[in-house]
Amino acid sequence: MPRLTTVASALIYLFVVLAVAAVVYLLASLVFGRGEQLAPLPPGSTPTRLPPADIEGADVRALRFQQVLRGYKASEVDWALERLAGELDELHGRIAVLERQLDAAGEQLQAARAGRPDEPED
Numbered sequence: 247m248p249r250l251t252t253v254a255s256a257l258i259y260l261f262v263v264l265a266v267a268a269v270v271y272l273l274a275s276l277v278f279g280r281g282e283q284l285a286p287l288p289p290g291s292t293p294t295r296l297p298p299a300d301i302e303g304a305d306v307r308a309l310r311f312q313q314v315l316r317g318y319k320a321s322e323v324d325w326a327l328e329r330l331a332g333e334l335d336e337l338h339g340r341i342a343v344l345e346r347q348l349d350a351a352g353e354q355l356q357a358a359r360a361g362r363p364d365e366p367e368d
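Mapping to my numbering: the sequence shown position 48 is 294, numbers consecutive.
Dropping the structure here:
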């Protein structure tokens, strides 16, 4: 008879474990739901958008990517995008300074060719 009670105890234990697992599963299903099923995107398309030209740092900062099951570590991507955005802003600033210098040098060259030096008078 001791063997019968051991088997009965094991079956009761198994039943209780299964009942608890079922309750936890049902509660999780109610709390989190099934999730929304979205239609897949057409091949070759992405929800990520960037302007076709003249990308600014703000454009990079506004980028958002799809997350998939084996997604990415968001903090690392955010760090990389922030760094890229800063570099873009710095490069655009340098380009603007160089364009102003080029315009000023062009004006000085035109003035020198015209025979009138472009120097301020006191």
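For every residue, glycine included, the Cβ atom is placed at its ideal position computed from N, Cα and C.
Checklist line | Under 7 Å between C-beta atoms of Leu315 and Asp305 | finding: It is not a contact, given that the beta carbons lie outside the stated cut-off.
Next item on the list: Classify Ala265 as buried or exposed, calling it buried when 16 or more other Cβ atoms lie within 10 Å of its own Cβ.
Entry: So Ala265 ends up on the exposed side.
Notebook entry, point to check: Would Ala331 be called buried (16 or more neighbouring beta carbons within 10 Å of its own) or exposed?
Noted result: So Ala331 ends up on the buried side.
Check: In the stretch 288-359, which residue ranges form an unbroken alpha helix (DSSP H) of at least 4 residues, counting only runs that do not cross its ends?
Finding: Given a length threshold of 4 residues, each whole run of the alpha helix (DSSP H) inside the stretch 288-359 is given here in chain order: 303-307 and 320-359.
Notebook entry, point to check: Three-state secondary structure (DSSP) at Ala285?
Noted result: Three-state DSSP puts Ala285 in coil, outside helix and strand.
Notebook entry, point to check: Using CA coordinates, which residue listed in Ala285, Ala358 and Arg307 is at the minimum distance from Thr294?
Noted result: Residue Arg307 is the option with its Cα nearest to Thr294.
Margin query: Given a cut-off of 7 Å on the beta-carbon distance, is the pair Leu327 and Leu309 in contact?
Written below: Yes. Within cutoff.
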